[in-house]
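**Q** Right, I'll just put the structure down here and ask away after.
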Amino acid sequence: MKIEAKDPVVEIHDLTVSYQKKPVLWNIDATLPKGALIGIIGPNGAGKSTLIKSAMGLLPLASGYMRMFDQPLDKVRDRVSYVPQRESVDWDFPTSVLDVVLMGRYAKLGLIARPRKADKEMAINCLRKVGMEAFVNRQISQLSGGQQQRVFLARALAQEADLYFMDEPFAGVDAATEAAILAIMQEMTAQGKTVIVVHHDLQSAAEFFDWIMLLNMRLVASGPIDKVFNNQLLQETYGGKLTVLAEVGELVRKRQIPSREKY
Amino acid sequence: METLKEFFSFQDPSIIAVTVGAILLSSSSAVVGTFTFLKKKALVGDAVAHSVLPGICLAFILSGTKNPIYLIIGAFVTGWLSLVIIDHISKKSKLKEDTAIALILSVFFGIGILMLTNIQHSGNAAQTGLDSFLFGKAAALVGNDLIVFGIVAVVLIATVIFFFKELKLMAFDQDYAEAIGLPVKGLELLLTSLTVLAVVTGIQAVGVVLMAAMLITPAAAARFWTNDTRVMTLLAAILGGFSGLSGAFVSYAAPAMPTGPWIVMIISAIALISFFVAPKRGIISRGMEQRKLQRMIMDENLLKELFHLGEKDHDLYKGRSIEEIIEERYFPEKTLRKSLNRLRRQGFLTKTNGDWRYTEAGKMKGQRVVKLHRLWELYLSEKMKIAPDHVHEDAETIEHIITPELEERLEKMFDRRATDPHDEQIPY
């Protein structure tokens, strides 16, 4: 079940991604609408994070392409922002909350240039939006999980992008943080920005998102929530029907066959 | 002592040159090493350090001179090569990175030693002093060599200052750096080149065998004292520079002594001291923190037991003897006496005729601990559905750490309920 977006911001075409030759995403085709809060939903190992990592150009593609704003990513990087998984960094790193948020300004600053006063004010503003203005000079190792997530969100906001990819922003956060993050996302989409979120809690998914991508190594469905968030498709996403696909992927890895032939 | 005075009077211009050189080289490798450390690539630094030896020997064999420019080029080539091979092995084969590092380090170093021995037996007169690359010789830093290595060191420090913000982001969150479009490949190349160059310059002072310590130890020592990358880099430079200075002195005072081991010993001593005495992160400070906590727990437990005694005979302010308290709950007598006296000094207890009694503040404090204990038991049994006979042990710890905000929430949650799961009064 695949519904095309009318005014697509992201276009995914025949995307296949492999980890050490083992395909983890097979032939994804989808278009995603502008100004929507979009959830990427699927079980563990479905390739949700892989999808947005390849969207940000962090993984080599075995086949296919992704376009954003009808352009290749490299042309529009300044309009695209990324929130990695919270656990992907060492929070004992010697730096302050403000310095982390300032990293969101680096792309606009360019190489070598130092953050200016305006960048600092912008960063503090973003911290205010996520309710962390009291933590500006705090060392990042002192933050709770929810606070870490808010800091990452503030860093993404500081990029002033139009399209946001967020990897599990709701994972392991407290209820207050969840509500705060959701409110910010809704405000962003109201301003016409597009927010794409990897999420694994089905219950809240139904409340959070306008548009859903159901993923389990392949695209099960993509469309407005009222059209695709139903029992049958969820069953298909979470059900055990894909064991053959997983087994073939394992075979490809063992034999080290490239997932696309050269000739 | 005389030597020390002589050295620091800097009468001899060559002393100044050697000193400036040693400080510059050590601090530049410490600055670059800070990022090697933050990227958790300490072992890679060690591999590079050992892998430059064959390059130096090869450069000498080919050029027949000890011209530092040739030696730097040679060292750079093999240092780089080692990194490329390590990277290739860990990405393309089934071997993990640590195996690849160990493999490359020993193979390159082995080849280097072979070549060095060969050169030494070749009878080439120009080779004298080449072996000082093994363990370093700061005193050999004179004239042309000093100028060349000094320039490289300055270039290293300047490059780190220029690209500070990029290097920091790369160390903290490389995926994000790539996602926002920073030239990650180029920056990695930059850091790798910096590391190799830092090793190449540092080996004059420290030697290849111990060079990794010069990269990593100043940063590791500095990390104990600060939570800011800028301060940490600066501090690493200062600590590295200081150990370089002492190395230069040793080299002057005892020319037969290799400089490297001395420099490394001094910087390691600094790191060790930091490990113990640094505020917050140091062992001693953490130990004191623990002790303070244990005292607080002891004091609160004592006040709590006095409250229990008061509950039994409905007289909270009655004087209690030490035996009475121990009968209620066992405390080692020495610990108990210390705690009683501490609480008296703080104004929570008074002592008359050997009996201890609450002051008003003491009663409030004891009552609060009892209340928190019982509220937590209530919370565990009602909200967490834990059997009432299992909740006491948990509450014993939790009663000491509940904040006033949580206290208020718990009180509200149970609407100031009168009794706990064991039907004991909750005192408000």
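Residue numbers (my numbering), protein chains in the order written: chain A, 1 to 263; chain B, 264 to 691. We put the CB at the ideal spot given by N, CA and C, even for glycine. In this text the structure is predicted, and so the values were computed from the model without any measurement.
1) Using a C-beta to C-beta distance shorter than 8 angstroms, which residues of chain B count as neighbours of L51/A?
2) How would you label A107/A, buried or exposed, when you count the other beta carbons within 10 angstroms and need 16 or more for buried?
3) Measure the C-alpha to C-alpha separation of G57/A and D162/A and round it to an integer number of angstroms.
4) I believe G504/B touches S272/B by the beta-carbon criterion, under 8 angstroms. Please report the beta-carbon distance rounded to the nearest angstrom.
5) Residues of the region 481-498 of chain B with a CB closer than 7 angstroms to any CB of chain A: list them in chain order, please.
6) Give me the Cα-Cα distance between L73/A and S353/B, rounded to the nearest whole angstrom.
7) Buried or exposed, going by whether 16 or more other CB atoms sit within 10 Å of the CB of I547/B?
8) With a 10 Å radius around its C-beta and 16 neighbouring C-beta atoms as the bar for buried, classify S141/A as buried or exposed.
9) Go through its chain and collect everything with a Cβ distance to A312/B's Cβ below 6 angstroms, but skip five positions before and after it.
10) Let's see if you can read the secondary structure: which residues bound the alpha helix (DSSP H) around W343/B?
11) For Y642/B, report the span of its alpha helix (DSSP H) as first-last.
12) Q139/A versus chain B: which residues are under 7 angstroms apart at the beta carbon?
13) Looking only at DSSP bridge pairs, what is I40/A linked to?
14) Would you kindly check if the distance between the Cβ of R583/B and the Cβ of W619/B is under 8 angstroms?
15) Does A421/B come within less than 8 angstroms of chain A when only Cβ atoms are used?
16) Just the Cα atoms here: how many angstroms apart are A517/B and K400/B?
17) Taking just the CA atoms, how far does T615/B sit from P690/B?
18) Taking only three categories from DSSP, how would you classify N230/A?
19) With distances taken from CA atoms, which of P276/B, L288/B and F298/B is nearest M495/B?
20) Between the C-alpha atoms of A519/B and I443/B, what's the straight-line distance to the nearest angstrom?
21) May I have the straight-line CA-CA distance separating A46/A from G249/A, to the nearest angstrom?
22) Give a yes or no on whether the C-beta atoms belonging to Y621/B and L612/B are separated by under 8 angstroms.
23) Less than 8 angstroms between the CB atoms is what I'm expecting for S54/A and Q159/A, so what's the real figure, rounded?
24) Roughly how many angstroms separate the alpha carbons of V527/B and N387/B, rounded to a whole number?
25) One question on the structure: do G337/B and G318/B come within less than 8 angstroms of each other, judged by their Cβ atoms?
26) Can you tell which of Y65/A, V252/A, I40/A and T95/A has its C-alpha closest to the C-alpha of L234/A?
27) Can you pull the chain A residues whose beta carbon is under 7 angstroms from the beta carbon of D438/B, in chain order?
28) Whose CA, out of I364/B, S292/B, H351/B and G392/B, lies closest to the CA of L306/B?
29) Would you call the region 431-451 of chain B and the region 370-378 of chain B touching, i.e. three or more CB-CB distances under 8 angstroms?
30) Would you mind working out which of F208/A, G35/A, V151/A and C126/A sits nearest P84/A, comparing C-alpha positions?
31) I need the straight-line Cα distance from G550/B to A534/B, nearest angstrom please.
32) Touching or not, the region 90-99 of chain A and the region 445-456 of chain B, by the rule of three or more beta carbon pairs under 8 angstroms?
**A** In short:
1) The count along the first sequence starts at 1 and reaches residue 51/A at position 51. Ordered by position in chain B, no residue passes the 8 angstroms Cβ test against L51/A, which lies about 14 angstroms from the chain.
2) The sequence position of residue 107/A within the first sequence is 107, counting from 1. Buried is the call here.
3) Translated into the one-based positions of the first sequence, residue 57/A becomes position 57. Translated into the one-based positions of the first sequence, residue 162/A becomes position 162. The alpha-carbon atoms of G57/A and D162/A are separated by roughly 17 angstroms.
4) Taking the first residue of the second sequence as 1, we reach residue 504/B at position 241. Taking the first residue of the second sequence as 1, we reach residue 272/B at position 9. Your pair G504/B and S272/B does not check out as a contact, with CB atoms roughly 20 angstroms apart and the cut at 8 angstroms.
5) Going along the region 481-498 of chain B in chain order, one finds R486, T489, N490, D491, T492 and M495 with a Cβ nearer than 7 angstroms to chain A.
6) The residue you call residue 73/A lines up with position 73 of the first sequence. The residue you call residue 353/B lines up with position 90 of the second sequence. Each residue's alpha carbon lies about 29 angstroms from the other.
7) One-based indexing of the second sequence puts residue 547/B at position 284. Exposed, by the Cβ-count rule.
8) Along the first sequence, read from residue 1 onward, the residue named residue 141/A stands at position 141. S141/A comes out exposed.
9) Here the question's residue 312/B lines up with position 49 in the second sequence. Around A312/B: V462, V471, M474 and A475.
10) By one-based count along the second sequence, residue 343/B stands at place 80. For W343/B, the enclosing alpha helix (DSSP H) starts and ends at P331 to K355.
11) By 1-based counting over the second sequence, the position of residue 642/B is 379. That run of the alpha helix (DSSP H) goes E623 to E645.
12) Within the first sequence, residue 139/A is the residue found at index 139, counting from 1. Near Q139/A (Cβ distances below 7 angstroms), the residues of chain B are N490.
13) Within the first sequence, residue 40/A is the residue found at index 40, counting from 1. Paired residue(s): V198/A and M213/A.
14) By 1-based counting over the second sequence, the position of residue 619/B is 356. By 1-based counting over the second sequence, the position of residue 583/B is 320. Cβ atoms of W619/B and R583/B: closer than 8 angstroms.
15) Mapped onto the second sequence, residue 421/B falls at position 158. By this cut-off, A421/B is not an interface position.
16) As a first step, residue 517/B must be located in the second sequence, where it is residue number 254. As a first step, residue 400/B must be located in the second sequence, where it is residue number 137. So the two alpha carbons sit approximately 11 angstroms from each other.
17) The count along the second sequence starts at 1 and reaches residue 690/B at position 427. The count along the second sequence starts at 1 and reaches residue 615/B at position 352. If you draw a straight line from the Cα of P690/B to the Cα of T615/B, it comes to about 27 angstroms.
18) The residue given as residue 230/A occupies position 230 in the first sequence. Residue state, collapsed to three classes: coil.
19) Here residue 495/B refers to the residue found at position 232 when the second sequence is read from its first residue. Of the candidates P276/B, L288/B and F298/B, the one whose C-alpha sits nearest the C-alpha of M495/B is F298/B.
20) Position 256 of the second sequence, counted from the start, is the residue given in the question as residue 519/B. Position 180 of the second sequence, counted from the start, is the residue given in the question as residue 443/B. Take the alpha-carbon of A519/B and the one of I443/B: they are about 54 angstroms apart.
21) Counted from its first residue, the first sequence places residue 46/A at position 46. Counted from its first residue, the first sequence places residue 249/A at position 249. If you take the alpha carbons of A46/A and G249/A, they lie about 13 angstroms apart.
22) Locating residue 621/B in the second sequence gives position 358, counting from the first residue. Locating residue 612/B in the second sequence gives position 349, counting from the first residue. In this structure, L612/B lies closer than 8 angstroms to Y621/B by Cβ.
23) The sequence position of residue 54/A within the first sequence is 54, counting from 1. The sequence position of residue 159/A within the first sequence is 159, counting from 1. 19 angstroms between Cβ atoms; not a contact.
24) The count along the second sequence starts at 1 and reaches residue 527/B at position 264. The count along the second sequence starts at 1 and reaches residue 387/B at position 124. Their backbone Cα atoms lie some 31 angstroms apart in a straight line.
25) Numbered from its first residue, the second sequence carries residue 337/B at position 74. Numbered from its first residue, the second sequence carries residue 318/B at position 55. Yes, Cβ-Cβ distance for G337/B and G318/B is below 8 angstroms.
26) One-based indexing of the first sequence puts residue 234/A at position 234. Minimum Cα distance to L234/A is reached at I40/A.
27) Your numbering for residue 438/B matches position 175 in the second sequence. Neighbours of D438/B on chain A, chain order: L58, P84 and S88.
28) Position 43 of the second sequence, counted from the start, is the residue given in the question as residue 306/B. Among I364/B, S292/B, H351/B and G392/B, the Cα nearest to that of L306/B is on I364/B.
29) Cβ pair count under 8 angstroms is below three, so no.
30) Numbered from 1 along the first sequence, position 84 holds the residue referred to as residue 84/A. Measuring from the Cα of P84/A, the nearest candidate turns out to be V151/A.
31) Translated into the one-based positions of the second sequence, residue 550/B becomes position 287. Translated into the one-based positions of the second sequence, residue 534/B becomes position 271. Roughly 18 angstroms between the two C-alpha positions.
32) A contact is defined here as three or more CB-CB pairs under 8 angstroms, and the region 90-99 of chain A fails this definition with respect to the region 445-456 of chain B.
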